[in-house]
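Line by line, the protein sequences give chains V and L. Quick note on the working numbering: the first sequence kicks off at 420 and runs consecutively. Quick note on the working numbering: the second sequence kicks off at 420 and runs consecutively.
2 protein chains.
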Amino acid sequence: MSERQQAVLDAVLALMVEGAPLTMTAVARRASCSKETLYKWFGDRDGLLTATVRWQASKVRAGNFDRQHLDAGALRESLARFAANWLGVIASPTSIALNRIAIGHAASQESNLGGIVLANGRLAIGERLKPLLEAGREAGILAFDDTETAFRTFIGLVGRDVQIRLLLGDARALEPAEIERDAGRATDQFLTLYGPGRTGPATPRSNA
Amino acid sequence: MSERQQAVLDAVLALMVEGAPLTMTAVARRASCSKETLYKWFGDRDGLLTATVRWQASKVRAGNFDRQHLDAGALRESLARFAANWLGVIASPTSIALNRIAIGHAASQESNLGGIVLANGRLAIGERLKPLLEAGREAGILAFDDTETAFRTFIGLVGRDVQIRLLLGDARALEPAEIERDAGRATDQFLTLYGPGRTGPATPRSNA
DNA sequence: ACCGAACCGTAACGTACGGTACGGTTCGGT
DNA sequence: ACCGAACCGTACCGTACGTTACGGTTCGGT
């Protein structure tokens, strides 16, 4: 993947974000390259989109969180940072545009862009967050049976319906201050559900 | 909206669910009507899609929940039923297909299908759930300041990332048994966060 | 029986776009 | 200086699809 090719993919991303029609001609013009080159490099339109999704995914690899001296405060801080980071990503114009494309493609069964986005978005973040949760459990400040369930609960508390609303065109943008606040609220709620004060199974209060 | 017109819109829904290309020709053939009629009735392709979204929305108006004698058990039962109902809806092929179409349309700013889906999906369910939450608060079995925040927390706990995963083509279908289990788990978690045992602001544990 | 409205089926038109072809240009290697 | 590879810009082709047009049919009203 040469610099020049990456520049082309960035042009595709730019077009996506602008909501401009994503035609090969438009990409070629924006990237100042010929259509012939696009086809030589990426095969066809689908290959171009796939490469773009992978390219974007490769850029999001954010720093992991260190697990040294995990007390309750450090865990809370790590979780809150994680939540704020993720909220910022899913609310970004790039993420929204990319997910829209992928979802549109998932409808017609051609070449699963959806699968790629799923693997590099949802699943990747899970692989990064789960070790933190398990470290918290080993340190005795989290209690859960199933890591996957705990992870998805956290995701739900943090994201709520934000992503769907944005994908559907909800104008309401997420201010940085609001992201911080939501991340903190979700983290506190998560710690309430899975924190040390609570005993028993991962699903608290099996009956009212 | 005549019976015949509704049948046409149901044909559109059927095509959406099948993932078949949504061309006017395909709709006309499936609905056994002429394209001329489609244009006379719905104006253009966009009008047809809009009418379809509205038509589907008009069908989902499920029964409200009565608020007579709200004790903790009845509230939990109502919330769990609500959650299971909603999960069933968002996991249904029709909802998935419709949201995909709407999201695809939200990308290009033409005629906000996204807004319609948002208004009839997310927002409508909020208007139905919030009275239940507030009744619970008045009965002293829920504690929160902001109804909207409590509502969205519930939505997050119930839906988590299910909808996005399905929209992106995640094969994993939601079994009825799993829906029931998730609805119960989410309801329990919600009651833990906002239940009567807990005092103070809507966001518990403002600091770890 | 007749008329007109509504509708079906199909053909036709215009255009947008994915994909290909090709002449001209740049540039590194020799 | 020369060559060939890579690439740009543009013209071109084929097709899919939205939209329109039109002849034929059904059917309720008179």
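Using N, Cα and C, we set each Cβ at its ideal position, and we do this for glycine too.
Can you check which of these residues, the options, is closest to residue i by C-alpha distance?
{"i": "ASN680/V", "options": "ALA502/V, ARG579/V, ALA538/V, ARG495/V", "result": "A query on residue 680/V cannot be resolved here, the shown segment of chain V reaching from 420 to 627 and no further."}
{"i": "MET435/V", "options": "GLY603/V, THR513/V, ARG571/V, GLU529/V", "result": "THR513/V"}
{"i": "ALA470/L", "options": "VAL536/L, LEU576/L, ASP564/L", "result": "VAL536/L"}
{"i": "ARG464/V", "options": "LEU532/V, LEU506/V, ARG423/V", "result": "LEU532/V"}
{"i": "GLU599/V", "options": "GLY462/V, SER421/V, ALA502/V", "result": "ALA502/V"}
{"i": "GLY614/L", "options": "PHE563/L, ALA447/L, ALA510/L, LEU551/L", "result": "PHE563/L"}
{"i": "ARG628/V", "options": "ILE520/L, GLN582/L, GLY545/L, THR566/L", "result": "With chain V running from 420 to 627 in the structure shown, residue 628/V is simply not present."}
{"i": "GLU630/V", "options": "ARG556/V, ILE520/V, ALA596/V, GLN608/V", "result": "As displayed, chain V neither begins before 420 nor continues past 627, which places residue 630/V out of reach and without an answer."}
{"i": "TRP474/L", "options": "THR442/L, GLU496/L, SER421/L", "result": "SER421/L"}
{"i": "ARG449/V", "options": "GLY603/V, ALA476/V, ARG579/V, VAL427/V", "result": "VAL427/V"}
{"i": "ARG495/V", "options": "ALA433/V, LYS459/V, ARG556/V, VAL472/V", "result": "ARG556/V"}
{"i": "GLU529/L", "options": "SER527/V, PHE570/V, ALA430/V, PRO440/V", "result": "PRO440/V"}
{"i": "ALA510/L", "options": "ALA526/L, ALA447/L, ALA592/L, GLU455/L", "result": "ALA592/L"}
{"i": "VAL472/L", "options": "PRO550/L, GLY603/L, ALA525/L, LEU432/L", "result": "LEU432/L"}
{"i": "GLN425/L", "options": "LYS454/L, TRP460/L, GLY603/L, MET443/L", "result": "TRP460/L"}
{"i": "ALA476/V", "options": "ASP429/V, GLU594/V, ALA493/V", "result": "ASP429/V"}
Quick one: which chain L residues come within Cβ less than 9 Å of residue i?
{"i": "ILE522/V", "result": "ASN518, ARG519, ILE522, GLY523, ILE583, LEU586, LEU587, GLY588"}
{"i": "GLN475/V", "result": "The premise fails here: GLN475/V is roughly 15 Å from chain L at the closest Cβ pair, so nothing lies under 9 Å."}
{"i": "ASN539/V", "result": "Result: empty, since nearest Cβ-Cβ is about 11 Å, beyond 9 Å."}
{"i": "ASN504/V", "result": "Neighbours of ASN504/V on chain L: none; closest Cβ ~16 Å, over 9 Å."}
{"i": "ARG591/V", "result": "The contacting residues do not exist; ARG591/V stays about 10 Å from chain L at best."}
So what's residue i in DSSP terms, helix, strand or just coil?
{"i": "PRO440/L", "result": "coil"}
{"i": "SER527/L", "result": "coil"}
{"i": "GLY533/V", "result": "helix"}
{"i": "PRO615/L", "result": "coil"}
{"i": "GLU597/V", "result": "helix"}
{"i": "LEU468/V", "result": "helix"}
{"i": "SER477/L", "result": "helix"}
{"i": "GLY668/L", "result": "This structure leaves residue 668/L out entirely; chain L is present only between 420 and 627."}
{"i": "PRO623/L", "result": "Its pLDDT being 44, under 50, PRO623/L is placed unreliably by the model, and nothing is read from it."}
{"i": "PHE570/V", "result": "helix"}
{"i": "ILE583/V", "result": "helix"}
{"i": "ASP564/L", "result": "coil"}
{"i": "GLY555/V", "result": "helix"}
{"i": "ALA590/L", "result": "coil"}
{"i": "SER421/L", "result": "coil"}
{"i": "GLY578/V", "result": "helix"}
{"i": "GLY492/V", "result": "helix"}
Under 7 Å between beta-carbons, which chain L residues line up against residue i? List them in chain order, please.
{"i": "PRO595/V", "result": "Those do not exist, as PRO595/V stays about 19 Å from chain L at its closest Cβ, beyond 7 Å."}
{"i": "ILE574/V", "result": "ARG579, ASP580"}
{"i": "GLY534/V", "result": "GLY588"}
Between residue i and residue j, is the Cβ-Cβ spacing less than 8 Å?
{"i": "ALA554/L", "j": "LEU489/L", "result": "yes"}
{"i": "ILE574/V", "j": "ALA491/V", "result": "no"}
{"i": "LEU548/V", "j": "ILE522/L", "result": "no"}
{"i": "ASP601/L", "j": "LEU498/L", "result": "no"}
{"i": "ALA596/V", "j": "VAL577/V", "result": "no"}
{"i": "LEU612/L", "j": "THR611/V", "result": "yes"}
{"i": "LEU551/L", "j": "THR566/L", "result": "no"}
{"i": "ARG571/L", "j": "ASP580/V", "result": "yes"}
By the criterion of Cβ-Cβ separation under 9 Å, what are the contact partners of residue i in chain V?
{"i": "LEU548/L", "result": "Simply none; closest approach about 12 Å."}
Starting from the beta carbon of residue i, find every residue of chain V whose beta carbon is closer than 8 Å, and list them in chain order.
{"i": "LEU612/L", "result": "GLN608, THR611, LEU612"}
Applying a beta-carbon distance threshold of less than 8 Å, which residues of chain L neighbour residue i?
{"i": "SER527/V", "result": "GLY438, PRO440"}
{"i": "ARG571/V", "result": "ARG579, ASP580"}
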